[in-house]
Structures are given as structure tokens and as C-alpha cells.
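K.L.:
Below is the structure I would like to discuss, written out as C-alpha cells.
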Amino acid sequence: MAKGKRSERSHPRWVVKLGTGILSTPAGDLDLPQIRRLVQQVAILEGQGLEIVLVSSGAIGSGMGLLGYRRRPTAIEELQACAAVGQPQLMRLYEELFSERGFHVAQLLLTYLDLDSRTLYENAQKTIEHLLARGVFIPVINENDVVSYEEIKFGDNDRLSAHVAAMVQADKLIILSNVPGLRERNDDGGRIIPLVERITGEIEAMAGKTRSERSVGGMVTKVDAARIAGSAGIPMQIADGRETEILQRIAAGESVGTLFLAGGKP
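Just so we're aligned: 143 in full-length UniProt numbering is position 143 of the sequence shown, and the numbers increase by one with no gaps anywhere.
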């Protein structure tokens with residue numbers, strides 16, 4: 001049975017955040033082959049005893065394609081309409097793919113009001129623990145974009161994933177994105193920084209600010225997420241979610257992407 005406190009658990013627990021850029025095609029549709037590969041990796045690690053909570057973006061990107069948007073809208077009501085259309089499509093696909101591997105998904109839609117309310121926070125926490133205890137359910141968390149807009153505007157679920165990691169007392173937060181890690185320069189030619197022991201002004205400057213038409217926030221909100229996770233004693237790793245067997249490689253201890261330490265420990 002899954003236990004909340006790290007000291008009581010016999011299996012490690014990860015929160016894995018899947019960014020919009022690795023779940024959607026350039027045309028805005030869900031990238032079925034890519035999602036299938038990620039689901040396969042999660043299922044393999046679950047079978048090896050790892051507990052995984054997913055924080056999944058992609059609803060807005062999916063809805064954009066279905067609603068005929070070629071570019072990410074800027075109006076909140078349009079973004080929320082995209083999320084309303086795209087979220088069911090995303091969850092339907094997750095359930096189909098995970099059920100082929102003996103698992104089922106459980107959807108949790110959160111807002112920052114849920115995180116600020118002690119009662120709502122504890123309810124969400126207990127729900128996730130109960131699902132993990134069953135052994136066959138993969139919690140899939142997203143911000144409730146239809147009624148909230150914090151991550152729509154600011155972060156593509158990066159900061160939400162850090163709060164979720166703290167909530168479930170994860171051993172590690174992994175953010176899979178379409179960037180391979182934190183670069184020395186905010187361009188494709190910058191060297192990847194493999195290890196960040198402490199978030200300094202220099203690290204924040206390296207983050208710069210990036211934005212795509214299907215996601216927001218870039219490296220800035222990922223560094224914010226690392227700070228939130230680190231304050232809860234949780235290390236965070238950023239990696240390219242399109243790299244082959246990326247989750248298995250992280251589990252094996254391979255140095256990929258950028259690892260942010262928490263309290264000096266990986």
C-alpha cells in the first residue's frame with residue numbers, strides 16, 4: 001500500500017510533468033506516437049515498482065487543433081474553450097493507452113484555490129494517496145483551465161507540478177519538455193548546464209524567457225518550479241521528452257538534461 005511520507009514508503013515516487021511541446025504536433029493535434037512512447041515508459045517503470053503521478057499539459061494544444069486555431073489564442077475565453085474541448089480528448093487517449101498495459105487513469109483538475117485551501121489541499125492529497133495505493137491507477141493532473149487561468153498565462157503547469165510534488169512528498173520532480181535542459185545562453189547553441197546546486201541570479205539570467213505558440217513560460221517557470229520543489233526538499237530534473245527512453249535513462253541515473261539539487265542531494 002502506498003504511503004504518503006517518504007520515510008514510510010518502500011517504493012520511490014516521481015511526479016512527471018509532460019509539457020505541451022512534447023504532446024502535440026506542430027499542427028496542434030495530439031502526437032499519438034509520442035504519447036504512446038511516453039505511456040509505455042511510465043508503464044514499464046510502474047511495473048518495476050516506481051510510483052508515478054503525471055501532471056499533463058496538452059489540453060489547450062489539442063483543443064486548438066480541434067477548434068481550427070493555427071496559433072495559440074491570446075484571449076482567455078478562447079484558451080479556456082480550447083482546454084474544454086481538448087481535455088476530454090487527452091484523457092480518452094491516456095485511458096486507451098494505459099489500459100492496454102494493465103493500468104487506468106484518474107483525472108484530477110486543480111486550481112490554485114485548491115492549493116491555498118487547507119481542506120481542499122488535504123482532500124486532493126488523500127485522493128492521490130488512495131489511488132496510488134490501489135496500484136493500477138495513474139493520477140493525471142492538470143490545472144482546471146476552464147475556470148482558472150494562472151498556468152494558461154504563466155507556466156504551462158510547471159509551477160503546478162512543483163506544488164503537486166510537494167503535496168505528495170515525491171522523491172523527484174521530472175519536467176519533460178521540448179528543450180533538453182537549462183542552457184548557458186538562451187539559444188540552441190548554448191551549452192546545457194548538467195547540474196544546478198543552487199538557484200542564483202546567474203542561473204535566473206540563463207533562464208531568459210522563451211515562449212512558443214502552444215505553451216507558455218519557457219525556462220523561467222521551470223526554474224521557478226525548481227525553487228518550489230527544492231524548498232520542499234525535492235530535486236527536479238528537466239529533460240527533452242522526445243529523447244529515446246528518457247524516463248528509463250533518468251531512472252538508471254544517466255546524466256541527461258539539467259538536474260536541480262535540493263539540499264545538496266540529487
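Cβ coordinates follow ideal geometry from the N, Cα and C atoms, glycine included.
As the structure is a prediction and not an experimental result, all values here were calculated from the model.
When you compare only the Cα positions, how much space is there between N123 and G28?
P.N.:
Taking the first residue of the sequence shown as 1, we reach residue 123 at position 123. Taking the first residue of the sequence shown as 1, we reach residue 28 at position 28. The straight-line gap from Cα to Cα measures roughly 34 Å.
K.L.:
Please look up how many angstroms separate the CB atoms of M236 and A252, rounded, as I've assumed it's under 8 Å.
P.N.:
Position 236 of the sequence shown, counting from 1, holds the residue named residue 236. Position 252 of the sequence shown, counting from 1, holds the residue named residue 252. Not really, about 18 Å apart at Cβ, beyond 8 Å.
K.L.:
Taking just the CA atoms, how far does R71 sit from M64?
P.N.:
Translated into positions along the sequence shown, residue 64 becomes position 64. Translated into positions along the sequence shown, residue 71 becomes position 71. So the alpha carbons of these two residues sit roughly 8 Å apart.
K.L.:
Buried or exposed for T111, going by 16 or more other Cβ atoms inside 10 Å?
P.N.:
Locating residue 111 in the sequence shown gives position 111, where the first residue counts as 1. That one is buried.
K.L.:
Evaluate the contact criterion for the stretch 132 to 143 versus the stretch 53 to 61: three or more CB pairs, one atom per stretch, below 8 Å.
P.N.:
Yes, since at least three Cβ pairs between the stretch 132 to 143 and the stretch 53 to 61 fall closer than 8 Å, the two stretches touch.
K.L.:
Between G257 and G181, which are expected to be in contact by the criterion C-beta below 8 Å, what is the C-beta distance as a whole number of angstroms?
P.N.:
For the purposes of this step, residue 257 is identified with residue 257 of the sequence shown, where counting begins at 1. For the purposes of this step, residue 181 is identified with residue 181 of the sequence shown, where counting begins at 1. About 4 Å; that satisfies the 8 Å criterion.
K.L.:
How should D116 be labelled, buried or exposed, when 16 other C-beta atoms within 10 angstroms of its C-beta is the threshold for buried?
P.N.:
The residue labelled residue 116 in the question sits at position 116 within the sequence shown. When all chains shown are included, D116 counts as exposed.
K.L.:
For a test of the three-state rule: what should DSSP assign to residue 296, helix, strand or coil?
P.N.:
This structure leaves residue 296 out entirely; the chain is present only between 1 and 266.
K.L.:
H104 bridges to which residues according to DSSP?
P.N.:
Here residue 104 refers to the residue found at position 104 of the sequence shown. According to DSSP, H104 bridges with F137.
K.L.:
Counting only runs that start and end within the stretch 16 to 73, where is the beta strand (DSSP E) found for 3 or more residues in a row?
P.N.:
Those beta strand (DSSP E) runs which fall completely within the stretch 16 to 73 and span 3+ residues are 51 to 56.
K.L.:
In terms of DSSP beta bridges, what is Q237 paired with?
P.N.:
As a first step, residue 237 must be located in the sequence shown, where it is residue number 237. Answer is I174 and L259.
K.L.:
Apart from the five residues on each side of it in sequence, which residues of its chain come closer than 6 Å, Cβ to Cβ, to D171?
P.N.:
For the purposes of this step, residue 171 is taken as residue 171 along the sequence shown, with counting starting at 1. Around D171: P12 and R13.
K.L.:
DSSP three-state call for L113: helix, strand or coil?
P.N.:
The residue given as residue 113 occupies position 113 in the sequence shown. In the structure shown, L113 sits in a helix (DSSP, three-state: H, G or I).
K.L.:
Any contact between the stretch 97 to 110 and the stretch 30 to 48? By contact I mean 3 or more CB pairs, one from each, below 8 Å.
P.N.:
Touching, yes.
K.L.:
Using only the alpha-carbon positions, how far apart do A106 and T25 sit?
P.N.:
Within the sequence shown, the letter at position 106 stands for residue 106. Within the sequence shown, the letter at position 25 stands for residue 25. Those two C-alpha atoms are separated by around 24 Å.
K.L.:
When the Cα atoms are used, what is the spatial distance from F260 to L23?
P.N.:
Counted from its first residue, the sequence shown places residue 260 at position 260. Counted from its first residue, the sequence shown places residue 23 at position 23. Cα to Cα, F260 sits roughly 24 Å from L23.
K.L.:
Taking the alpha helix (DSSP H) that G230 belongs to, which residues open and close that run?
P.N.:
For the purposes of this step, residue 230 is taken as residue 230 along the sequence shown, with counting starting at 1. Its alpha helix (DSSP H) spans residues G218 to S231.
K.L.:
Helix or strand or just coil, what does DSSP make of I199?
P.N.:
Counted from its first residue, the sequence shown places residue 199 at position 199. If DSSP states are grouped into helix, strand and coil, I199 belongs with coil.
K.L.:
What are the boundary residues of the alpha helix (DSSP H) that S99 is part of?
P.N.:
Stepping through the sequence shown from its first residue, residue 99 is reached at position 99. That run of the alpha helix (DSSP H) goes I76 to S99.
K.L.:
Could you please give the first and the last residue of the uninterrupted alpha helix (DSSP H) stretch that includes H11?
P.N.:
The count along the sequence shown starts at 1 and reaches residue 11 at position 11. No alpha helix (DSSP H) contains H11, which DSSP labels as neither H nor E.
K.L.:
Determine the extent of the alpha helix (DSSP H) in which L247 is found, giving its start and end residues.
P.N.:
Along the sequence shown, read from residue 1 onward, the residue named residue 247 stands at position 247. I246 to A251 is the extent of the alpha helix (DSSP H) around L247.
K.L.:
Under the three-state reduction of DSSP, which class applies to R183: helix, strand or coil?
P.N.:
Residue mapping note: residue 183 aligns to position 183 of the sequence shown, counting from 1. Correct three-state label for R183: strand.
K.L.:
Do A262 and G230 come within 8 Å of each other at the CB atom, strictly closer than that value?
P.N.:
Start at 1 with the first residue of the sequence shown, and residue 230 comes out as number 230. Start at 1 with the first residue of the sequence shown, and residue 262 comes out as number 262. It is a contact, given that the beta carbons lie within the stated cut-off.
K.L.:
Any idea what DSSP makes of I193, helix, strand or coil?
P.N.:
Your numbering for residue 193 matches position 193 in the sequence shown. The answer is coil: DSSP assigns I193 none of H, G, I, E or B.
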